[in-house]
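In my numbering, the protein residues as written are 3 to 789.
Backbone N, C-alpha and C fix where the C-beta goes; we use that ideal spot for every residue, glycine too.
Next comes the structure, spelled out in structure tokens:
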């Protein structure tokens, strides 16, 4: 007995269309962000009050109106358009597609998107939110899903004939949910597919880069490891061993391999397959390869793949073994299944055939491994690509988790931990930073690198060199360096850091939405990323020291201590004047992220004076103009003393030949003087011409002092103090050697850049450095009032 009554079959078929003209018009309408209609001119006024607007030219009796689609209709239309762009040409043409799943009249369900081709049927239900928020429970809707899918399949088999693969898709937009969410588990149990924001963006990227060939990767994504049909693919083959691994060499038609292949693109949609490492294809390059193939070109080098045989085994039937080689010839039997061949190298070559006229009748060479673990695949990919097009810096940072997680070196494991934390912040459906960070091939509002830099500086995780941890960074971190089970501690530390950082961002999102939702502002920007995460680390260190917290202190308890300081920062940012806000937001260039961090600390310090970490004290001192002027005065006087004393002593020692004695230094000084004069001339500066004795550097003085350290004039009656007695300055560590006695000059030289540039706000002196300059100044100008 048929599952559907004749009138039901007719009704369902009437809601499907394969007419290319109709589909094209539907695609154009659904691609628009507006609903449109032509109405009688007399109805316009009433419709305008309902939110419609006039646009374009209209006739005497008709007007064209439009209205923005609601977020739910927009999402349904965009999913419909994706399937159209994937090549589906039998689809529902309106939202009233009602599909029975049982015999009773009430056992029907409205399906938002239906897409059908020669082999597959997709039934898609869409749920969306206007803004990003935590997902509601879909328990009532999904609890009986298994029963509904069984009925849907019976309906579609009767309508279309048996043999097509049916896949139910639950598509959502702007919903955050945990990976272990019970609704997602219900979907998984029914072999349905959860199609979230990550999936939508990934498929858009596939369509943009692969065009019509995107369908192969899409089918691999949603039908992974499912049989295409029960027929085996039989191939003549050579089996060999290399590097302790068995491999198979064969030739295969591109179309067959395309259906069986899967590319591990580094995207959030493929998170379950980590480590993933491939870039999306370059469209122009793909088009060029197809053109090359169609004009008779070919690639003699092999595609490299890894067959996953956990669910479907491959079988090698050897011929008789030859004596001259350990390699064997035979027949390879491959299961005809989706996404069982992971492409390690050669995706451009393979997909270049997808739109070629030779996709069915050429064969391409393949080297296949079986069941390589994920890291082995990654290592082969990196080895192949290190001498080809460079892996992007962003992708390298992303891959650190996979490359270094099990490293024997602490510094490399910490790189892996850092990478894993950032990816977890971005990929977790429950994270406030979900989808906001550019990771691998996925775009995002925020860059990966500022997160990496901030975690290095924040103290939330320690730093190390080789296997030696830097104790000052480990003391208040959320990583216990004393544990010997590195893998376990890394997992725990990742969870702690991700949870703490997420709580801080959630606090901003929930309590200060005007700050959180503002693009390129204090929190949600690359400069803000560095500043905010470093601030989180700084407050964590402060409260850990004050309250004796340890790495395994509950994050909820830790955040209770941190909350007043985070709130103080956000209140301070909210109360900035327009001028103060513009001044901060206009800071770009080198050091801008650190200056933002210091300004964050300063805001909190103004409310909580006891929060004054050493680096903030240092920064405040370097902003103190009175202190800078004092240090500059000492520096100028010391340098003047060095110049006058060095030239005077050299003239006494060598009289009219003193310049020849230091001629190598003089040549460099003359060169600097000429360059300075040329620069001033070309810039139109009417300055006095520089002379060579004005061009000594501190290191020039140091060399002269060192070379003539104890030199005395031949005339013993001259009142003369040699360089040793003049320039020996004890820094408190003794002066047993010339090196000890002159060490102050190296310090002085390093500080010179800090006081010599009056306009800079970055290269400046702190109090310790000014105290050093005062000490040297007072040594040379004994009895002089230093004020």
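| field | alpha helix (DSSP H) segment containing residue 24, residue limits | value | 22–33
| field | Neighbourhood of residue 777 by C-beta, 7 Å cutoff - its chain only, sequence neighbours within 5 removed | value | none
| message | Whole angstroms are fine: how far does the CA of residue 288 sit from the CA of residue 523? | response | 39 Å
| query | First and last residue of the beta strand (DSSP E) that includes residue 731? | reply | Run containing residue 731: none; DSSP gives neither H nor E here.
| In three-state terms, what does DSSP make of residue 217? | helix
| field | Cβ-based neighbour list, residue 389, same chain, cut-off 8 Å, excluding 5 preceding and 5 following | value | Annotation note: pLDDT 49 at residue 389 (below 50); position unreliable, no value reported.
| request: Would you give the residue range spanned by the alpha helix (DSSP H) that residue 568 belongs to? | output: 557–576
| request: Indicate whether the contact test is met: 3 or more Cβ pairs, each with one atom in the region 250–262 and one in the region 146–162, closer than 8 Å. | output: no
| Nearest-angstrom Cα distance between residue 11 and residue 264? | 37 Å
| By how many angstroms is the C-alpha of residue 602 removed from the C-alpha of residue 17? | 59 Å
| Do you know how far the Cα of residue 304 is from the Cα of residue 366? | 7 Å
| task | Give the single residue among 703, 454 and 487 whose Cα lies nearest to the Cα of residue 499. | result | 454
| On the premise that residue 339 lies in contact with residue 171, defined as a C-beta separation below 8 Å, what is that separation, rounded to the nearest angstrom? | Actually they do not touch by this definition, with Cβ atoms about 20 Å apart.
| request: State the DSSP-derived secondary structure class of residue 647, mapped to helix, strand or coil. | output: helix
| request: With a threshold of 16 other CB atoms inside 10 Å of the CB of residue 433, please say whether the residue is buried or exposed. | output: buried
| query | Is residue 606 buried or exposed, if buried means 16 or more other CB atoms sit within 10 Å of its CB? | reply | buried
| CA-to-CA distance, residue 218 to residue 120, given in whole angstroms | 14 Å
| Which listed residue (107, 58, 87 and 32) has its alpha carbon closest to that of residue 75 | 32
| task | Starting from the Cα of residue 302, find the closest Cα among 325, 328, 253 and 267 and give me that residue. | result | 253
| field | Collapsed DSSP secondary structure at residue 36 in the structure displayed | value | strand
| request: Please confirm whether any heavy atom of the ligand NAP lies closer than 7 Å to the CB of residue 609. | output: Questions concerning the ligand NAP fall outside what the structure shown contains, since it holds no ligand whatsoever.
| Beta-bridge pairing of residue 330 - partner residues as DSSP gives them | 241
| Would you call residue 262 buried or exposed, if buried means 16 or more other Cβ atoms sit within 10 Å of its Cβ? | buried
| task | Evaluate residue 552 with the Cβ neighbour count: other Cβ atoms within 10 Å of its Cβ, from every protein chain shown; 16 or more gives buried, anything less gives exposed. | result | exposed
| task | Figure out for me which residue from 604, 494, 511 and 476 has the closest Cα to the Cα of residue 547. | result | 476
| query | In its own chain, which residues sit with a C-beta less than 6 Å from the C-beta of residue 321, not counting the 5 before and 5 after it? | reply | 331 and 332
| query | Is it right to say residue 90 is buried, meaning 16 or more other beta carbons lie within 10 angstroms of its own, or is it exposed? | reply | buried
| task | Determine the burial state of residue 276: buried for a count of at least 16 other Cβ atoms within 10 Å of its Cβ, exposed for fewer. | result | With a pLDDT of only 41 at residue 276, under the threshold of 50, the placement of this residue in the model should not be trusted, and no figure is reported.
| said: Contact between the region 126–134 and the region 65–84 is defined here as three or more beta-carbon pairs at a separation below 8 Å; is this criterion met? | reply: yes
| field | Reduced DSSP secondary structure (H/G/I, E/B, other) of residue 272 | value | Any answer about residue 272 is weak, because its pLDDT of 49 lies below 50 and its placement is not dependable; what the coordinates show is given next. In this structure, residue 272 counts as helix in the three-state DSSP scheme.
| message | Could you check whether residue 458 and residue 620 sit closer than 8 Å to each other, using their CB atoms as the reference points? | response | no
| message | Can you find the residues in the same chain that come closer than 6 Å, C-beta to C-beta, to residue 100, ignoring five residues on each side of it along the sequence? | response | 110 and 112
| message | Is the separation between the beta-carbon of residue 440 and that of residue 531 shorter than 8 Å? | response | no
| Continuous beta strand (DSSP E) stretch holding residue 112: start and end | 110–113
| query | What three-state label does DSSP hand residue 693 in the structure shown? | reply | coil
| residue 247: first and last residue of the uninterrupted beta strand (DSSP E) it sits in | 247–254
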